[in-house]
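In this note's numbering, the protein residues as written are 1317 to 1521.
Think of the CB as a built atom: it goes at the ideal place given N, C-alpha and C, for glycine as much as any other residue.
Keep in mind that this is a model prediction, so the values were computed, not measured.
These notes concern the structure reproduced below.
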């Protein structure tokens, strides 16, 4: 698991949510990866941004809900520091006690790479990650054809399996199991003649 964390999850682009989750300015969602909570916002400029969901003062979780809308600021429940949807610290009690000033860049939320594409909001824990367009490579053209940005989410379901993530992902990387596991699909799915294209770090089937 440590190798996966060090070489995969902290290096690649990750799915944060859907563009439709952030329809208006000051909308936000939160998501988790490993032990980290991630805050994704829609700023007044309608740009999506991602941050660690942690107040820079004492490390308190900033946004407690999975989804919501702020009036103007996120208010930390510990010392009431306030941040806007762009991650800027805009207010803190007794600002005169901070000689560097509350507008010091080191006190703003820690920003993560974040890009919006085809109805998806993607982020990365890697500050030096390749641009999303470059990272997607040739699979981008295949995915664009689905027009995800024109779709509406009708159901969201989370299923937890007592296994490593690769055990479930591997099932979607081959059709060898269809005959034994999904025999009802055999009338319309050819499980023996399937084109699988391998790219640099991606594949399609």
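Residue(s) in a DSSP beta bridge with residue i
i, result
"residue 1440", "1329"
"residue 1405", "1399"
"residue 1383", "1345"
"residue 1462", "None; residue 1462 has no bridge partner."
"residue 1319", "According to DSSP, residue 1319 bridges with nothing at all."
"residue 1353", "1348"
"residue 1370", "1377"
"residue 1433", "1436"
"residue 1365", "1357"
Test item: CB-CB of residue i and residue j under 8 Å
i, j, result
"residue 1429", "residue 1443", "yes"
"residue 1515", "residue 1425", "no"
"residue 1434", "residue 1464", "yes"
"residue 1439", "residue 1379", "no"
"residue 1407", "residue 1398", "yes"
"residue 1503", "residue 1491", "no"
Whole-Å CB distance - residue i paired with residue j, under 8 Å assumed
i, j, result
"residue 1510", "residue 1501", "Not quite, the Cβ-Cβ distance comes to about 12 Å (not below 8 Å), so this is no contact."
"residue 1518", "residue 1455", "5 Å"
"residue 1338", "residue 1364", "6 Å"
Residue of the options minimising C-alpha distance to residue i
i, options, result
"residue 1395", "1377, 1508 and 1383", "1377"
"residue 1349", "1512, 1498 and 1481", "1481"
"residue 1458", "1332, 1393 and 1520", "1520"
Review point. Looking at C-beta atoms only, is the number of pairs between the stretch 1448 to 1467 and the stretch 1338 to 1357 that lie closer than 8 Å three or more?
Key: no
Exercise for review: Kindly confirm or deny that the stretch 1337 to 1347 and the stretch 1357 to 1364 touch, where touching means at least three C-beta pairs closer than 8 Å.
Suggested key: yes
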